[in-house]
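In this note's numbering, the protein residues as written are 30 to 956. See below for the structure under consideration.
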């Protein structure tokens with residue numbers, strides 16, 4: 030508990046804090062004194078010992094580079110390098126008398142002395158490339174490793190797994206499937222062990238074959254970073270400042286990172302090097318291995334559970350997308366092959382039907398009358414996406430997303446057991462250093478009922494959370510304002526395109542029939558919307574991080590979950606608002622030609638094509654999904670590659686110089702503070718496009734599948750070849766992204782049902798086919814789609830135009846026509862209820878509402894049944910977890926029994942000796 034960190038001390042009034050990011054002025058620091066010394070609890074930092082203020086601090090031993098470029102050890106070849114710190118030597122600067130640089134030097138020396146005081150061993154080496162740079166190598170001895178393995182509750186082997194594994198029923202296909210897995214000759218399958226949280230006093234019960242290999246390099250780096258993030262670097266009166274993070278921000282150190290074990294494309298010459306980076310590159314990140322399954326166990330071993338769980342989720346999501354992509358592609362092919370046979374599309378293109386239907390102008394004055402068959406090509410394209418196959422595919426995707434999430438839970442449970450994160454609970458995760466530094470308020474712990482220190486009162490926490498919520502809401506309103514601005518742009522530009530586009534395209538005759546005012550407006554608005562999305566993303570990212578820092582979450586998991594929620598809410602509105610506008614708002618409130626509806630009293634609301642707004646929604650999705658994929662690849666691949674290329678060019682050395690392993694890694698790009706956050710965000714936003722709007726774009730799963738197949742290998746290539754090794758982190762699951770995915774899946778059912786009902790023309794066509802094509806509403810003897818176009822376009826008398834909207838010009842072919850047609854279900858002029866909604870309209874509305882209710886209930890019921898039937902944890906995993914707990918309890922019992930026996934043995938021996946002495950005395954008295 031946090032209360033353990035804060036204890037009374039007789040030496041004086043001290044506080045522990047971290048520098049703010051803005052602390053660049055090192056002169057005249059002023060701090061607030063507090064009447065309580067803050068010291069580290071033995072629970073969190075057992076080896077911590079404060080160096081008295083003013084005491085001389087030991088210097089780090091310097092050693093010359095021994096010429097072994099692949100070495101992962103100190104110069105003695107025995108002590109392994111667990112972490113590397115990089116700084117610029119102030120003594121090599123011309124302005125070495127500058128107080129700022131001297132202050133940095135003092136802080137660094139104190140920090141390094143604190144590390145050595147805690148039991149860590151350091152060795153410094155000067156750079157081969159730049160003499161100003163020094164690299165401090167950090168090693169954790171065995172005793173320190175054991176101490177902090179217990180502090181961090183690291184699970185380690187106690188005995189080999191003795192439970193028999195069930196053989197797969199598809200083993201007979203192994204001769205084929207083995208080619209799709211990494212080579213077992215290179216990446217051998219690891220031995221499975223039962224594990225338990227490490228305890229130093231019970232070392233003999235753990236499966237220790239080799240002390241040097243007992244703790245993996247990723248475990249060692251994780252423990253090293255834990256100490257580095259909490260070691261003090263300055264004691265000034267009553268102030269203690271700590272944490273390598275702030276030293277990096279303040280320029281004291283230029284970098285801090287664990288080492289890669291070798292070069293990614295060349296095996297190490299060192300015999301003890303496992304060459305895991307080389308194996309990962311060849312069997313995972315190399316383009317030649319694109320068809321192979323991911324070596325998840327090796328990824329987890331090298332980078333930690335957090336990286337491993339991300340690639341496991343991405344791979345599982347991609348594999349599940351394959352089924353959705355096949356069905357979606359089949360739906361697209363069905364629509365493509367039937368577009369020429371669609372009755373209503375034929376009527377639009379028929380010169381005798383669509384060619385004789387005169388449509389009303391779609392804007393005021395400048396727009397003129399147009400023939401329906403001018404939209405022939407767009408109506409054919411619409412048939413590809415707006416057909417009965419789309420309905421089937423939308424229902425299929427609703428079920429698919431449930432199966433995906435349920436089977437992911439099962440797969441995740443297996444990984445939790447295999448990777449020893451089953452009991453990775455909140456109390457096992459240590460507080461963030463930033464949280465510990467601000468703890469200066471007391472409260473009663475609601476669980477233990479003892480006093481503890483927290484960084485804010487209940488009122489302060491309320492203020493912080495309220496400020497965060499208010500900021501997020503403000504930015505969401507800003508996004509909505511940008512959406513309104515784009516709508517105004519669409520209205521204004523449509524007016525311009527309607528008057529000038531055809532004349533401007535006279536020379537481009539082949540494209541003239543394809544480029545309509547609606548299409549040009551939709552495409553340009555989509556591109557502008559995408560640019561606005563990207564700009565707002567960059568701005569909001571900084572605000573979200575600042576607000577989350579201000580809220581001061583306790584643990585790293587709490588921090589990431591809070592930031593995840595803020596960012597996703599913003600991104601959800603940012604990416605999807607324009608799509609929701611086209612799907613559910615555009616063309617819904619337009620009035621009729623004699624009485625149009627105006628936005629802001631000035632701009633006439635835009636209408637959909639005679640075929641509906643579905644094709645525009647498809648265009649919007651294509652532009653955003655495609656543009657986002659291209660932009661992300663530029664950011665993730667091209668920029669790091671260019672930075673590394675420029676850095677290597679600027680720091681190039683002669684070919685005769687041998688560069689050590691730690692300096693090779695320094696030339697790579699650092700991992701951002703948010704790590705995998707943007708990778709998850711990118712995939713979850715894509716998941717939203719695949720599920721929320723799939724009824725309008727069946728090819729979305731296909732595009733997502735292709736993108737993800739590249740994404741997996743690009744991400745792998747990026748982190749292996751372009752970035753320094755990440756600090757390994759523990760993770761039980763995908764965190765806050767799991768409930769977000771579940772929320773998107775629930776919303777997707779309603780969204781797709783409403784798209785089919787309100788955006789597509791499927792329901793009006795069904796109503797016409799079953800009700801209005803035959804008696805009493807129609808003239809046909811049997812159900813048919815003939816006459817659908819004529820029946821769904823209302824008639825308007827051109828004499829009823831207002832002066833504001835009457836067209837200024839009429840085309841030469843208009844002749845003496847007195848009426849025009851428009852998309853709506855209203856009574857014709859001359860009817861006693863002219864221009865009011867007809868009976869057809871109310872039939873369609875009733876059918877749409879009935880469709881939404883029925884489809885939603887059926888799909889939600891199916892989702893509930895599937896969620897109930899599919900267990901979250903497989904039976905075999907449950908049995909293995911029980912077996913592991915049993916073994917842990919047995920070991921605990923035996924240890925306690927031996928401990929009691931050991932403690933009682935002196936007492937028992939004393940009693941026996943006393944009894945023997947008494948017996949001897951009695952014998953002496955008797956004789």
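All residues carry an ideal CB built from backbone N, CA and C; glycine is no exception.
Under the DSSP assignment, residue 285 falls in the beta strand (DSSP E) whose first and last residues are 284 to 286.
Remark: C-beta atoms of residue 743 and residue 662 approach each other more closely than 8 Å.
The Cβ atoms of residue 184 and residue 245 do not sit closer than 8 Å to each other. Linking residue 580 to residue 283 through their CA atoms gives a straight-line distance of about 28 Å. The beta strand (DSSP E) runs lying completely inside the segment 119 to 186 and spanning 3 residues or more are 150 to 155 and 162 to 168, given in chain order. Taking the C-beta atoms as reference points, residue 644 is found nearer than 8 Å to residue 414. The segment 754 to 765 makes contact with the segment 328 to 338; the number of CB pairs closer than 8 Å reaches 3 or more. Residue 359 is not a Cβ neighbour of residue 730, given a cutoff of 8 Å.
As summarised for the segment 683 to 727, the continuous alpha helix (DSSP H) elements at least 4 residues long and confined to that stretch are 690 to 695 and 706 to 721, given in chain order.
When DSSP reads this structure, residue 226 sits in a beta bridge with 184. Closest in alpha carbon position to residue 146, among 260, 866 and 160, is 260. Around residue 733, the same chain offers 350, 715 and 719 as residues with beta carbons nearer than 6 Å, after the five sequence neighbours per side are excluded. The criterion of a C-beta distance shorter than 8 Å is not satisfied by residue 778 and residue 353. DSSP links residue 851 through a beta bridge to 823.
Following the DSSP letters along the chain, one finds residue 345 inside the alpha helix (DSSP H) bounded by residues 334 to 367. Note that the C-beta distance between residue 445 and residue 761 is below 8 Å. Counting along the chain, the unbroken beta strand (DSSP E) around residue 471 starts and ends at 470 to 473.
Around the C-beta of residue 603, 16 or more other C-beta atoms lie within 10 Å, and the residue is accordingly described as buried. Under the DSSP assignment, residue 262 falls outside any alpha helix (DSSP H), being part of the beta strand (DSSP E) whose first and last residues are 261 to 265.
Ranked by Cα distance from residue 110, the first of 431, 162 and 154 is 154. Contact check for residue 314 against residue 114 fails: the beta carbons are separated by 8 Å or more. Residue 255: member of the alpha helix (DSSP H) spanning 246 to 257, first to last residue. Where residue 320 is concerned, there is no enclosing alpha helix (DSSP H), because DSSP gives it neither an H nor an E.
At least 8 Å separates the beta-carbon of residue 690 from that of residue 250.
Distance check between residue 856 and each of 830, 831 and 821 places 821 closest, using alpha-carbon atoms only. Nearest neighbour of residue 650 by Cα position, chosen from 554, 772, 119 and 867, turns out to be 554.
A straight-line Cα-Cα distance of about 6 Å links residue 627 and residue 634. Where residue 112 is concerned, the enclosing beta strand (DSSP E) starts and stops at 112 to 117.
Linking residue 848 to residue 526 through their CA atoms gives a straight-line distance of about 24 Å. Residue nearest to residue 490 within the set 508, 502 and 467 is 467 (criterion: CA-CA distance).
Taking the Cα of residue 321 as reference, the smallest distance to any Cα among 606, 943 and 207 is reached at 207. Beyond the five residues adjoining it in sequence on each side, residue 655 comes within less than 8 Å, by CB distance, of 732 in the same chain, given in chain order. Here residue 870 carries a helix assignment [DSSP, helix/strand/coil]. Distances from the CA of residue 750 to each of 789, 485, 665 and 781 were compared; the closest alpha carbon is that of 665. The residue from 157, 84, 209 and 86 with its alpha-carbon nearest to that of residue 96 is 157. Excluding residues up to 5 positions away in sequence, nothing lies with its Cβ nearer than 7 Å to the Cβ of residue 191 in the same chain.
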